[in-house]
Amino acid sequence: MGTVLTIVVIVVVLLAAAALFFAYQRKRSGQLRERFGPEYERSVEESGDRRSAERELRGRERRVSRLDITPLSHESAEAYRVEWAQVQQSFVDQPAAAVSDADQLVLRMMRESGYPVDEFDQRVNDVSVEHPEVAAHYRDAHRIAVAQERGEADTEQLRQAVTAYRSLVEALLADSDDVTARRRVQPTDAKEQA
1 MGTVLTIVVI
11 VVVLLAAAAL
21 FFAYQRKRSG
31 QLRERFGPEY
41 ERSVEESGDR
51 RSAERELRGR
61 ERRVSRLDIT
71 PLSHESAEAY
81 RVEWAQVQQS
91 FVDQPAAAVS
101 DADQLVLRMM
111 RESGYPVDEF
121 DQRVNDVSVE
131 HPEVAAHYRD
141 AHRIAVAQER
151 GEADTEQLRQ
161 AVTAYRSLVE
171 ALLADSDDVT
181 ARRRVQPTDA
191 KEQA
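Under our numbering, the very last position in the sequence shown is 194; numbers go up by exactly one each time.
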């Protein structure tokens with residue numbers, strides 16, 4: 001009777017451990033899905049396996065946490081806003097040049113923010129950690145920019161590229177705006193001492 005009771009206890013403990021493990025995995029998956037949104041779904045679809053996709057997304061988070069990514073300074077953000085407005089205005093007369101200029105503008109903004117910019121796939125994966133909603137737009141814009149360099153993009157595709165680049169430009173500028181807004185809210189040392 002004691003052996004049967006021991007076996008029952010072991011089975012119950014193992015079942016409880018398995019249930020806790022699956023609950024933990026489900027919670028972890030839910031957190032990644034929430035954090036990465038459409039990028040989570042894209043990664044799962046691309047890898048064909050939820051576990052390897054989640055492992056890859058966690059790897060992105062670890063990589064980006066080791067980078068020194070900082071929002072643009074207020075001055076740089078303002079200069080980039082002006083330049084972005086010029087890029088958008090130039091689209092009317094020179095759509096291909098506007099796409100090329102948008103691509104180069106995004107590269108400079110990312111480099112100044114601390115993103116490594118040598119390889120596109122890594123660059124888009126890195127940006128997806130802080131801006132997952134923008135990653136697909138950036139991929140689309142870059143794909144069209146490459147097609148445009150080969151002379152294979154029509155005006156509508158170029159318009160779509162500029163629109164897609166806009167989402168990344170706005171996200172990088174919003175990071176700067178968030179820091180500027182927090183600085184305005186925080187009291188300075190002088191005010192605290194008064």
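For each residue, glycine too, the CB sits at the ideal point set by N, CA and C.
- Judged by DSSP in its simplified three-state form, Asp-93 adopts coil rather than helix or strand.
- Distance from the CA of Arg-166 to the CA of Gln-148, rounded to the nearest whole angstrom, comes to 17 Å.
- A direct Cα-Cα distance of roughly 14 Å separates Asn-125 from Val-44.
- Straight across, the Cα-Cα distance linking Ser-52 with Asp-154 is about 37 Å.
- Between the segment 76–90 and the segment 157–171, the count of Cβ pairs shorter than 8 Å is three or higher; the stretches touch.
- Within the segment 6–91, the alpha helix (DSSP H) runs of at least 4 residues that lie entirely inside it are, in chain order, 38–47, 50–66, 74–90.
- Excluding residues up to 5 positions away in sequence, Gln-160, Ala-161, Ala-164 lie with their Cβ nearer than 8 Å to the Cβ of Asp-140 in the same chain.
- The DSSP-derived three-state label of Val-124 is helix.
- Relative to the Cα of Ser-65, the nearest Cα in the group Ser-176, Ser-128, Glu-152, Gly-151 belongs to Ser-128.
- Membership of Asp-140 in the alpha helix (DSSP H) is indicated by the continuous run 132–149.
- Between the segment 23–42 and the segment 62–82 there are fewer than three C-beta pairs closer than 8 Å, too few to call the two in contact.
- When secondary structure is reduced to three states using DSSP, Val-117 falls in the coil class, being assigned neither helix nor strand.
- Judged by beta-carbon spacing, His-137 lies beyond the 7 Å limit of Phe-120, meaning their Cβ atoms are not closer than that value.
- If you check the CB distance, Ala-171 and Val-117 do not come in under 7 Å.
- Under the 10 Å beta carbon count, Phe-91 is surrounded by 16 or more other beta carbons and is classified as buried.
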